[in-house]
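Here the sequence shown is numbered in the numbering used here, starting from 89 and rising by one per residue. Heads up, the beta-carbon is just placed ideally off N, CA and C, and yes, glycines get one too. Right, one structure below, let's go through it.
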Amino acid sequence: MAIWLMGAAVGPALGAGPDAAATTEGEAISVYQADFFAEARPATAYDMVQRLPGFTLDTDNSTAVRGFAGTASNILIDGARPTAKNDDISTILQRIPASRVERIEVIRGGAPGVDMQGQSVVANIIRSNGGSDQLIVDAATTFLGSGQWVPYGSLEYHGQRGTLRYEGTISRIGQVWDDGPGVGYRLLTPAGGTTERDHAQSWGIIRSGYSAHGSATVPLLSGEWNNNLTLQTTDYPYGIVYAGSADISRYPSITKERTGEFGSHWQGIFGGFNIETLFLQRLGHREDSSSSNTPTDNALFLSRRNTGESIFRTTVRYTLSPDLSFEGGGELAYNYLDGHSSYVDNGAAVSLPNANVRVDEKRGEMFGSATWKFLSTLSLEAGSRFEFSTIHETGDSQSTRSFFYPKPRVLLSWSPDDQTQFRLRAEKVLGQLDFANFVASSNLPAYGVAAGGANLRPDQRWQFELAGERHFWGRGALVVSYLHEEITDLQDYIPVGGGLDAPGNIPNATSEQITVSGTIPLDFLGIKNGLLKPNVYWTDSSLIDPVTGERRRISGQRDISSYYNFTQDIDAWKSTWGLSWGTSFSRTTWRISEIRRVSIHNNPLLSIFWSYKPTPDWKVTVGADNFLPWRLGIDQFDYPGPRDQNGAPSVQLIRLRTVPRFYLQFRTAL
């Protein structure tokens, strides 16, 4: 299969083998043929992406972000981004059998004719043509240390009739949604009072449900036309219970979601122009129920909301020369949320600001960019997007607001040799208003209830990033980057009166992040076919607290994220085993009358697995997550009023020891 990149098809790899990738001469494109991954015996494209040297899959494509451009992952499939948002990129990759992947191209720093989706590095999955029809059965179960069995699995069919390619999947979902639940204790100290100790037990590890997916691709007008449909329903019960010597307090909650998504995508060539057009329609319904049952208080918070999004986008690309290409286009989107909330405390209804709200947005974007390889070692990508939108709010609040923001971007890449690249990026990034923030919300065991924010503005971030990447030893790579952000209108919680806070804006903030990631072959230590993949970042930030006027970091921001993955392929056993671990971290959230710190203590987050693939069509995996249970700490300081009024807080310290999980997975292709 040829991948259309500005009218030119990328040709076969230049001598790629299992020990090294071929690098296209004069371009920052590394090509990994299927045999590069042979020793790992991958079952899906997801397994193959995990073995790309120095590449980290970006899974942060939040469905809360509206529009299409702002949710791009760093994955292309046959030269195009999947026309999906609810269907996350990990799931999409897991539906592509490894046997249907011809090669993977990793494009670093941009290249003429390549749609980088606003990313500095992307991986392009090239699927092979032909192949017999294939039925794939996945069956699995997870046993939780609390005694619960969670079965899940899927049935996939991949077929081709002439030029028509199609696939269908039905799945039982058993998704790990939260690692934190476990058993422990709570120390509760009222202001000026005596500390009491309660037994604590939380639940809510698994989100379960069902999904169905289908897609078809056919040739149309000198291009390819792909259509896909995904339906999903999930339930997520969670909560915590505290048991003292004389009383019990329960805080059960449940979230139910139903979503549907249809995507249509066409890409082809007309007169030397590469034209890409897509349409995406999403619908969703969500219900939340959260209750508090204590000796002195019984409360119930209910919320439901219907959401929808329609997107139409067209992109035109033109290659003037092998070293210069242009891209331009536009996007139109319509979004809405219809939300209703209610709160009852000890039998009495409590009025909440913005409990019943309908919000809709009409948004448009125009964009243009150019990629110029002006020297054999230097390339420049420069362009801008121009976003304009109107948000209309009715219900408890009535308002209409319009926004216009230019979003320039410049990316300069220097490749002194085919193993080294340095990248410098300057870009203005615009956040989006999460419609859910317009409606009242709750977390009864934590902050209680919060009002909806009626006057939110999107945050604007000037990002300045410097990154260096070095490849070595065939399979090795190391990437180091530094990111500085100048933020205007940061979204946080601000006081709104009546003792409540709500989502609002803080005028200015700064943030710094240093990231180290890569792939280190361990053969030099005598560990044959061993790979270590670190992924570590440190963050710091600064802003003025809207309650106290003091400096602090951004709410909810981790101080460190530190994860390491080790794998080793053992050819004689037709097996791969590995372990992963993460280290301690903490994050703090500030509210009008509360400070809440969540942290990981003591033991690392440790997981281990063993995968056996006796034939190309069979795979068995066993593993354990959290098999050395770590301790989750929650420190909560509740003040009698706003934190700047010097009232002594009550202190709640929660310590939970997480439960281990053991899983068994079978996969076979028929």
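With a contact defined as Cβ atoms closer than 8 Å, G417 and T402 qualify at about 5 Å.
Contact between N316 and S303 is confirmed by a C-beta separation of about 4 Å, below the 8 Å threshold. Apart from sequence neighbours up to five positions away, the residues of its chain that approach A131 with a beta-carbon distance below 8 Å are P185, A186, K701, K707 and R755, ordered along the chain. Looking only at S699, Y651 and R675, the smallest Cα-Cα distance to K662 is reached by S699. Rounded to whole angstroms, the gap between the alpha carbons of A172 and S333 is 52 Å. Note that the C-beta distance between T459 and G167 is not below 7 Å. Of the other Cβ atoms in all chains shown, fewer than 16 fall within 10 Å of the Cβ of I336; this residue is therefore exposed. Secondary structure of V238 (DSSP, three-state): strand. G670 places its beta carbon less than 7 Å from that of L693. In the assembly as shown, K495 is a buried residue. Its beta-carbon has 16 or more other beta-carbons within 10 Å. Residue state for Y424 is assigned as strand, using DSSP reduced to three classes. The three-state reading of DSSP puts I683 in strand, counting E and B together. Assignment of E638 by DSSP, reduced to helix, strand and coil, places it in the coil class.
Per DSSP, the continuous beta strand (DSSP E) segment holding L631 begins and ends at G618 to I632. Counting only residues of its own chain and dropping the five nearest sequence neighbours on each side, E190 has a CB closer than 6 Å to the CB of I214 and S216. Boundaries of the alpha helix (DSSP H) harbouring I180: I177 to Q182, taken from the DSSP string.
In the structure shown, the three-state DSSP call for L613 is helix. The three-state reading of DSSP puts Q740 in strand, counting E and B together.
By the neighbour-count criterion, in which 16 or more other beta carbons inside 10 Å mark a residue as buried, G711 falls on the buried side.
Pairing G262 with Y240 gives a Cβ-Cβ distance under 7 Å.
Following the DSSP letters along the chain, one finds D226 inside the beta strand (DSSP E) bounded by residues Q222 to L232. W718 carries a coil assignment under DSSP once its states are collapsed to helix, strand and coil. Per DSSP, A116 lies in no alpha helix (DSSP H) and is assigned neither H nor E. Across the set T655, E312 and L741, the C-alpha of T655 shows the shortest separation from the C-alpha of A128. With 16 or more neighbouring CB atoms inside 10 Å of its own CB, N362 falls in the buried class.
Annotation: D135 is outside any beta strand (DSSP E); the continuous alpha helix (DSSP H) that includes it extends over A133 to V137.
If you compare the alpha carbons of Q551, A331, G311 and E638 with that of E573, the shortest gap goes to Q551. Assignment of D335 by DSSP, reduced to helix, strand and coil, places it in the coil class. In the three-state scheme derived from DSSP, where H, G and I count as helix and E and B as strand, Q733 is classed as helix. When beta bridges are read from the DSSP output, T508 appears opposite D505 and R558.
Shown here for F750: same chain residues with a beta carbon closer than 6 Å to its own, the five before and five after excluded, namely F231 and A712 in chain order. Of the residues G297, T746, H480 and G272, the one whose Cα lies closest to the Cα of E345 is G297.
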